[in-house]
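Per our numbering, the sequence shown runs over residues 822 to 1482.
Think of the CB as a built atom: it goes at the ideal place given N, C-alpha and C, for glycine as much as any other residue.
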Amino acid sequence: MPKAPKTPANATPDKPRVAVIGGGIAGLTAALRLAQSGCRVTIYEAKDRVGGNLSSAGEPGAPYQDVYPHIFPDWYANFWSLFETDLGLSRKEHFAERWAVKVLDKPEGGPSATAAQKYMDMVYAPTLKSVLTTMKSGVLSVPDFFLFAFLNLDLAAQPPDPTDTDMLSQLDVNGYFYSRGYSTDAIAALQDYVITVIWSIPSDMTSAKVYKKFIKHQLSSLGPNTPYAWMLKGSLQERVIGPLERKLTDPALGCEILTGTSVRSVEVLESGAPRILLDRAGAKGGVEEAPPVDYVVMAVPGMELGEMVMRGAEPRRLVDKVPDLAQVRRVWGEAIPVVNLHFNRKLPFIPEEIVGLRGSGYDLTILDISQLWDRDAQTSDATVLVLAGSNAYAIPAEAGEAQAYLMIKRLHEYLHFDLGEAWGDSKDIDWARTTIRQNNNHLLFVNDVGSRIWRPRAAYAALPNVFFAGDVCQTDVDMATVEAAVQSGVMAAQALQQVEMAPGARQRMAQAPITLTPHKVFSDATFLAAKLALLPVAYAASAWSAVEATVAGRKAGDDAVAAYSRGRYALLLPLNFAIDWWRTAYWLDRSLRKGAHEGGVEGVDAADTPVGLGVKGLWASAPAPKAASTGATPAPGGLASALGVFAGQLANAVQATRKGR
822 MPKAPKTPAN ATPDKPRVAV IGGGIAGLTA ALRLAQSGCR VTIYEAKDRV
872 GGNLSSAGEP GAPYQDVYPH IFPDWYANFW SLFETDLGLS RKEHFAERWA
922 VKVLDKPEGG PSATAAQKYM DMVYAPTLKS VLTTMKSGVL SVPDFFLFAF
972 LNLDLAAQPP DPTDTDMLSQ LDVNGYFYSR GYSTDAIAAL QDYVITVIWS
1022 IPSDMTSAKV YKKFIKHQLS SLGPNTPYAW MLKGSLQERV IGPLERKLTD
1072 PALGCEILTG TSVRSVEVLE SGAPRILLDR AGAKGGVEEA PPVDYVVMAV
1122 PGMELGEMVM RGAEPRRLVD KVPDLAQVRR VWGEAIPVVN LHFNRKLPFI
1172 PEEIVGLRGS GYDLTILDIS QLWDRDAQTS DATVLVLAGS NAYAIPAEAG
1222 EAQAYLMIKR LHEYLHFDLG EAWGDSKDID WARTTIRQNN NHLLFVNDVG
1272 SRIWRPRAAY AALPNVFFAG DVCQTDVDMA TVEAAVQSGV MAAQALQQVE
1322 MAPGARQRMA QAPITLTPHK VFSDATFLAA KLALLPVAYA ASAWSAVEAT
1372 VAGRKAGDDA VAAYSRGRYA LLLPLNFAID WWRTAYWLDR SLRKGAHEGG
1422 VEGVDAADTP VGLGVKGLWA SAPAPKAAST GATPAPGGLA SALGVFAGQL
1472 ANAVQATRKG R
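This is the structure:
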């Protein structure tokens, strides 16, 4: 039975008492910032360990297995601040640089035991070599790959709207792509594959506005000396969550962490003070009241939050104070089944990068952690693959070993190894160590169309003692990521401090304000200038792609009547180009009139640092490699970033002309 929370003997009325409900990375971040600012914090976690989707299965002394494989892009400013500054850990020591991902199509005739698979590289670095490697990789044709990158740049350059009711909020990514006059089926299909693999939701359900925010951060971070992401060399428990847990419970901060303790509801009393009710076996009605606190931070997953805000006695429920919170029940999540696949030998030709198995039907990816995680001298040199299926609905098995075996069976169509007839039969697989995680209790929040208006903010005036954190909350990152979760924790702590330290309040916290670590994000003018400069090339590439498709269709003898002819449709490209060019020029002019220091037209969040125009400004954002130590999710855009560097010169010249007026 989980232990009951207690009031520490050294408690004083001079420290604000805060309960953080949820021990994921968002809740742990909020707890850390509040404890550092002088609060007495208790963390309630329903599971047997903290970490949430960043937790690991297993016990000390046994191999840990992460709930999900995560990657950490360089622009995760708040996460890196937490890891490097607060925990004092070295990025170079604990993380490995990654510059690319690979795509593997199913080989004709099956995989070979002696010949390497034909992996296709998608390199995310704005250098000529990287651009050429990616464009010639075979993932798409050369014109289509240019258009694939340009479409992401185009989305980042879309005129901003500060409301959540604008057209982009009501549009999915797939619909946005098809609305572009130069788009093709091939690039829409690749974008759908990328989004589904990463977030377990197809592009025709993903919010274009939220994805735009993610793309803006990703494109802004790419540089010639900056890896697109860093990957942890060990388990999340050992390298991230464990150190953070020890930091929180150190006497210097004195946080109390109560695992296995489920919170049923949070009510707001007539005095405004929060009241926490716990699920407790043996208590009257199965419910027990927790010790009183001054503030509560709700850092639970979106679907659980939607249920919790409705619980309690009227008119004390959270929805009685903020009725809009009832709409949190609209948000939802997906589980990605993960097989930790241990082999008895080292499989040849497996790269160190994440590999997407295109055409697998289950949207499978693999990561060889035997090449990534640090190993001791006693560990055998055998391949260990993390096999994830982002489209669990396509797997014709309910759960468990049956589902896992079907995933392995599909993998066998890409890699050569002995499969066996059923689970436990293969001589190549170490079945004693191979495990399956359904992750039904670790859902990934999905950013579907229109959901942003239902998602909670960090604070509400009607709830001055209750705050919200988690990747379901609205942030300037917005797309469900580790950085969004960490940032939301900081925002909740920041909002709580502002209430506690307001004039006339008790002001018991440290005077130093809790602050976000800003992201460097290109201003709207930068994205718009890049789009404007590259627009002629994009429409030319679309015409090139249409000619290739027409020629290929004739060679194949395809006489079927299509919904539209790519060749005939290309005749409209000049008109579409003219409209697109003038619209982009209008928004660029408007953005420059607002001034680069403002980040364009509401284009850069107040928490971000806008990066100006021109080659010098763009490339200055990419740090040079460092000899000594000092940063799930890849995103398209290396090519767009590279081309944007050159296009920035145009905007720089336009801006200089305006300043001279």
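Check, Outcome
"Which residues does DSSP pair with Y798 in a beta bridge?", "Summary: the structure shown does not reach residue 798, with the chain confined to residues 822 through 1482, and so no result is reported for it."
"Please classify W1408: does DSSP put it in a helix, a strand, or coil?", "helix"
"State the Cα-Cα distance for the pair L1139 and E1155, rounded to the nearest angstrom.", "26 angstroms"
"Would Y997 and A977 be called neighbours here (beta carbons separated by less than 8 angstroms)?", "no"
"Would you call N1046 buried or exposed, if buried means 16 or more other Cβ atoms sit within 10 Å of its Cβ?", "exposed"
"For E1174 and P1158, I'd like the C-alpha separation in whole angstroms.", "20 angstroms"
"One question on the structure: do P1277 and V1293 come within less than 8 angstroms of each other, judged by their Cβ atoms?", "yes"
"Buried or exposed for V841, please, with buried defined as at least 16 other CB atoms from any protein chain shown within 10 angstroms of its CB.", "buried"
"Reducing DSSP to helix, strand and coil, say where R861 ends up.", "strand"
"Which class does A856 belong to by DSSP, given the choice of helix, strand or coil?", "helix"
"Which two residues bound the contiguous alpha helix (DSSP H) that contains D1249?", "First-last for D1249: undefined, no H or E at that position."
"According to DSSP, simplified to helix, strand and coil, what is P1033?", "Note that residue 1033 is Lys in the sequence shown here, rather than Pro. Note: K1033 maps to helix in three-state DSSP."
"Are there 16 or more other CB atoms within 10 angstroms of the CB of W1403, so buried, or fewer, so exposed?", "exposed"
"Within 8 angstroms of any Cβ in chain B, is that where the Cβ of L855 sits?", "Absent from the structure is chain B; it holds one protein chain and no more."
"What does the alpha-carbon distance come out to for the pair F1348 and G879?", "45 angstroms"
"Suppose you measure from the CA of F916 to the CA of L1393; what does that come to, to the nearest Å?", "49 angstroms"
"Rounded to whole angstroms, what is the Cα-Cα separation between A1391 and R1414?", "35 angstroms"
"To the nearest angstrom, report how far apart R1497 and D1013 are at their CA atoms.", "The requested residue 1497 is not part of the displayed model; the chain covers only 822 to 1482."
"Looking at C-alpha atoms only, which residue of N1286, F966, G859 is the closest neighbour of M943?", "F966"
"How is V1118 classed by DSSP in three states: helix, strand or coil?", "strand"
"Contact between the stretch 1081 to 1089 and the stretch 855 to 867: three or more CB pairs below 8 angstroms?", "yes"
"Given a threshold of 16 other Cβ atoms within 10 Å of its Cβ, counted over all protein chains shown, does N1268 qualify as buried or as exposed?", "buried"
"Less than 8 angstroms between the beta carbons of V1270 and L989, yes or no?", "no"
"DSSP three-state call for S877: helix, strand or coil?", "strand"
"Taking 8 angstroms as the threshold (C-beta atoms), are K1142 and A1283 in contact?", "yes"
"What span of residues does the alpha helix (DSSP H) with H915 cover, start to end?", "912 to 915"
"Give me the Cα-Cα distance between A1427 and A1350, rounded to the nearest whole angstrom.", "22 angstroms"
"Which word fits N874, buried or exposed, when buried means at least 16 other C-beta atoms lie within 10 angstroms of its C-beta?", "buried"
"What would DSSP say about A1443, mapped onto helix, strand or coil?", "Bear in mind that the predicted position of A1443 carries a pLDDT of just 38, short of 50, making it too unreliable to give a figure here."
"Considering only residues of the same chain and omitting the five flanking positions on each side of E1234, which have a CB-CB separation below 6 angstroms?", "K927"
"Could you tell me the distance, in whole angstroms, from the CA atom of Q938 to the CA atom of F1170?", "7 angstroms"
"Where does I1019 land, buried or exposed, given buried means 16+ other C-beta within 10 angstroms?", "buried"
"Does DSSP classify F1289 as helix, strand or coil?", "strand"
"Using the Cα positions of I795 and V888, report the straight-line distance between them to the nearest angstrom.", "The structure shown does not extend to residue 795, since the chain is modelled only from 822 through 1482, so no value can be given for it."
"How far does the beta strand (DSSP E) with I1097 in it extend, from its first residue to its last?", "1095 to 1100"
"Look up D1141 in the DSSP assignment and say whether it is helix, strand or coil.", "helix"
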